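Residue numbers (the working numbering), protein chains in the order written: chain A, 10 to 285; chain B, 117 to 415.
Just so you know, even glycine gets a beta-carbon here, dropped at the ideal spot from N, CA and C.
Here the structure is a predicted model, which is why all the values come from computation and not from measurement.
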Amino acid sequence: MQGRAATGSDEILAIDGISVTLSGREILSDVTFHINAGEFTGLIGSNGAGKTTLLRVILGLISPSAGMVRVEGGLRRQPLIGYVPQRITLDPDMPLRARDLVGLGIDGQRFGLPLPSSTRRKQVDEMLEAVDATRFAESRVGNLSGGEQQRILIAHALISRPRLLLLDEPLANLDIGSEQEVVDLLARIAREQRIGVLISTHDMNPLLPVMDRIVYIANGRIATGTTAEVVSSESLTRLYGVHVDVIHVHDRILVVAGRREEALQHGDTESIVELM
Amino acid sequence: MPGFLSPLIEPGFFSNLPVQTALVVGGVVAVVSGIVGTFTVMRGQSFAGHSLADIGTAGGSAAFVLGISPLFGFVAMNLMAAGVMEWIGIRRPRGRDLATGIVLGAALGLAALFLYLDTTASSTTGATVNVLFGSIFTLPASMVPFIAIFSVVAAAIVLVMYRPLVLTSISADLAIAQGIRVRLVGIGYLVALALAVSLSAVTIGAILSTALLIGPAATALRITNRTGRAAAIAAGIGVVATWLGVLLAYDSYYWFPNGGGWPVSFFVVTLIFLVYLLSQLRFRGRSAAQRRSTAAQAR
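Rendered as structure tokens:
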């Protein structure tokens, strides 16, 4: 586990000893890591491991029972964090074009009717271009494919120029092609715009080529570092508290619990549980 | 009046005071219902909208017993019901429908009592019909200012909260992350809904007000991809249906079976339903054509 994060000029987010207890159950325990500008971080864990809770703590929607969250940098009046929530179902009946949803990222929290402005329009056009969504900008959001909707939600989160972008399971329900497209887009945005990207997923494989840092979460605790450091049998066995094997199949990684040697000897495949 | 309209518009239509009041009130109420109704459909709160109308019946019929205008009864009852619905509904994620159902049941019991008292104890024999099916032709001109005030308040709430309302309709999480106080927006919206439903209840009736709230909005959502235009189209459909309904009801005094005239509400609701059916046919036709062309491309 990482020690106390040094406050470098590039550091955007510092999570320091966070614990969260919700209705008497400890969801997160002593979580510490940091994210730098331009870095792509994967928050990896199975369903219910505490990924969404951690993201909500960073957003300030849940107060931790212990620890500190610091979000650094950013100009005054500039939102620090962009957020893409998980599993948004955009209703096909909703009379809303893709470009309208992106525009709401600029001023959706304001009162009064939106006034048409050429600067606003230009800003939306540029953002649509940046996420390669110009082609379906005029379409109804509810009629777009999962990958297209994800691009629009990313544009909505990015248009206010945040320093940190949080995405909760953005790859769920995407086919493999759009999965890779969304990952490549996010990696490019992190690099080019010097934004810290933190993306939660239960499957680390799509992120392997682009991930600078991994935050592996299990039982409310985390292991963090490079993929090679964290995703090893020793490190994950320590985290899960049961024996874990890390199996490389071509360029994919499988994380498997159970005693493989014994299981294979006795033909007892049921004791092999694929964790990730 | 141009000559070609004379077979359609019976003599005295525009000079008749109740008709003038009906046209003004009906038009204003249709605009408010269209604007508020667009968000009712977008937020998936059609059940709450319909229930408020039924709940308001208790207030409207109680007002009759007390001898005051049913409008005030509807408004008071609906605002209270909206408050209780909000209060119960926040306790659990899927509590909104449950909360609506609980309040609805209790209020319908009260409505049964007051409607019974209206017909037995009070001398106003038409109370039940007035409350349930509207009273657009018998509205006193003195009520017009109140109807105008409630209409302006309901429309203003929606227009001021326009952008936060759209965002919360898409996703509460998305709105919260952008610093929107979702609960406050929800309460403000319920107040606008309570007022809109009360207004349409006194014009086309408590039972039929859902049609004016949901019908034009559901049609508009099929026609346009833009939220603002959808609200404007919904308002337009509502106004046209209401005015045509008033005209047909006026004409129907000379119709089958006994020259007593047909109710306005019947015409308004039927027109709205027909427009919705037409928009459905057009939409189905278009999406079927789209599917065929996509399939052809795939081959």
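Assigned secondary structure, residue i (DSSP; H/G/I helix, E/B strand, else coil)
| i | result |
| --- | --- |
| V219/A | coil |
| R200/A | helix |
| I185/A | helix |
| R108/B | Chain B is shown from 117 up to 415; residue 108/B falls before or after that span and cannot be answered. |
| M332/A | Coverage of chain A is limited to positions 10 through 285, which leaves residue 332/A absent and any answer about it impossible. |
| T107/B | Nothing can be reported for residue 107/B: it is not among the residues displayed for chain B, which extend from 117 to 415. |
| A291/B | helix |
| H259/A | coil |
| H166/B | helix |
| S148/A | coil |
| E20/A | strand |
| N45/A | strand |
| E373/A | As displayed, chain A neither begins before 10 nor continues past 285, which places residue 373/A out of reach and without an answer. |
| L173/A | strand |
| L214/B | helix |
| A227/A | strand |
| R79/A | strand |
| I125/B | coil |
| G352/B | helix |
| L124/A | coil |
| Q396/B | helix |
With 16 other Cβ atoms within 10 Å as the buried cut-off, status of residue i
| i | result |
| --- | --- |
| S185/B | buried |
| K131/A | exposed |
| E243/A | exposed |
| A333/B | buried |
| L397/B | exposed |
| R279/B | buried |
| I287/A | The question about residue 287/A has no answer, for chain A in this structure spans 10 to 285. |
| N294/A | The structure shown does not extend to residue 294/A, since chain A is modelled only from 10 to 285, so the question has no answer here. |
| R85/A | Only weak support exists for where R85/A lies, its pLDDT of 43 falling under 50; the value from the coordinates is given anyway. Exposed, by the Cβ-count rule. |
| E201/A | exposed |
| R149/A | buried |
| R247/A | exposed |
| E138/A | exposed |
| V269/B | exposed |
For residue j and residue i, the rounded distance between their alpha carbons
| i | j | result |
| --- | --- | --- |
| I388/B | P218/A | 56 Å |
| T235/A | D221/A | 7 Å |
| P94/A | E157/A | 15 Å |
| G142/B | T358/B | 6 Å |
| I263/B | L195/B | 15 Å |
| L180/A | S187/A | 9 Å |
| G76/A | L37/A | 11 Å |
| V253/A | V265/A | 6 Å |
| V224/A | A23/A | 13 Å |
| M103/A | F155/B | 10 Å |
| E147/A | R106/A | 5 Å |
| M277/B | P373/B | 49 Å |
| G160/B | H166/B | 12 Å |
| R342/B | M158/B | 12 Å |
| V299/B | F188/B | Correcting the residue type first, residue 299/B is Arg in the shown sequence and not Val. Each residue's Cα considered, the two are about 26 Å apart. |
| G83/A | I53/A | Unreliable positioning characterises G83/A in this predicted model, as indicated by a pLDDT of 47, which lies under 50. A coordinate reading is not provided. |
| S149/B | A222/B | 25 Å |
| L195/A | I90/A | 15 Å |
| V391/B | L216/A | 50 Å |
| L328/B | A310/B | 14 Å |
| D367/B | V152/B | 31 Å |
| F129/B | V385/B | 21 Å |
| P256/B | A198/B | 27 Å |
The ligand COA heavy atom lying under 6 Å from the CB of residue i
| i | result |
| --- | --- |
| F249/B | The ligand COA is absent from the structure shown, which contains no ligand whatsoever. |
Exercise. Is the number of C-beta pairs between the segment 147 to 157 of chain A and the segment 201 to 218 of chain A that are closer than 8 Å three or more?
Worked result: Because the criterion of three Cβ pairs below 8 Å is not met, the segment 147 to 157 of chain A and the segment 201 to 218 of chain A do not touch.
Problem set entry | the segment 225 to 234 of chain B touching the segment 333 to 351 of chain B, judged by at least three CB pairs closer than 8 Å | These segments do not touch.
Exercise. If we count Cβ pairs, one from each stretch, closer than 8 Å, do we get three or more for the segment 376 to 384 of chain B versus the segment 357 to 367 of chain B?
Worked result: Taking 8 Å as the limit for Cβ pairs, the verdict is that the segment 357 to 367 of chain B does touch the segment 376 to 384 of chain B.
For this session: With 7 Å as the C-beta to C-beta threshold (strictly closer), list the residues of the segment 117 to 147 of chain A near chain B in chain order.
Result: Of all residues in the segment 117 to 147 of chain A, G117, Q118, R119, F120, G121, L122, P123 have a Cβ within less than 7 Å of some Cβ in chain B.
Problem set entry | Within 8 Å of chain B by C-beta, residues of the segment 48 to 70 of chain A in sequence order | Answer in chain order: L68, L70.
For this session: Note down, in chain order, all residues in the segment 156 to 178 of chain A with a beta-carbon under 7 Å from any beta-carbon belonging to chain B.
Result: For the segment 156 to 178 of chain A, there are no residues whose beta carbon sits under 7 Å from a beta carbon of chain B.
Exercise. Can you list, in chain order, the residues of the segment 256 to 289 of chain B whose Cβ is nearer than 8 Å to any Cβ on chain A?
Worked result: Here the close residues are L275, V276, M277, Y278, R279, P280, V282, L283, S285, I286, S287, D289.
Problem set entry | Touching by the beta-carbon criterion (3+ pairs, under 8 Å), the segment 168 to 183 of chain A and the segment 89 to 105 of chain A | Touching, per the Cβ criterion.
Problem set entry | Under 8 Å (Cβ pairs) to chain B, residues found in the segment 213 to 244 of chain A | Flagged: no residues at all.
Exercise. Using a beta-carbon distance cut-off of less than 9 Å, what residues from the segment 134 to 149 of chain B approach chain A?
Worked result: Residues: none.
Exercise. On the three-pair Cβ rule with 8 Å, is the segment 210 to 224 of chain B touching the segment 153 to 173 of chain B?
Worked result: At 8 Å Cβ cutoff, the stretches touch.
Problem set entry | Residues from the segment 95 to 106 of chain A in contact with chain B, defined by Cβ distance under 9 Å | Answer set for the segment 95 to 106 of chain A: Q95, I97, T98, L99, D100, D102, M103, P104, L105, R106.
For this session: Anything in the segment 326 to 348 of chain B with a Cβ closer than 7 Å to a Cβ of chain A? List those residues in chain order, please.
Result: Across the segment 326 to 348 of chain B, CB contacts with chain A closer than 7 Å involve L337, T340, N341, R342, T343, A346, in sequence order along the chain.
Problem set entry | Contact the segment 245 to 261 of chain B vs the segment 311 to 331 of chain B: 3+ CB pairs below 8 Å | The segment 245 to 261 of chain B is in contact with the segment 311 to 331 of chain B.
For this session: Scan the segment 292 to 319 of chain B for residues whose Cβ lies nearer than 8 Å to a Cβ of chain A and list them as they occur along the chain.
Result: For the segment 292 to 319 of chain B, the residues whose beta carbon sits under 8 Å from a beta carbon of chain A are, in order, I292, A293, Q294, G295, I296.
For this session: Taking only beta carbons into account, state which residues of the segment 188 to 201 of chain B come closer than 9 Å to chain A, listed in chain order.
Result: Within the segment 188 to 201 of chain B, no residue qualifies.
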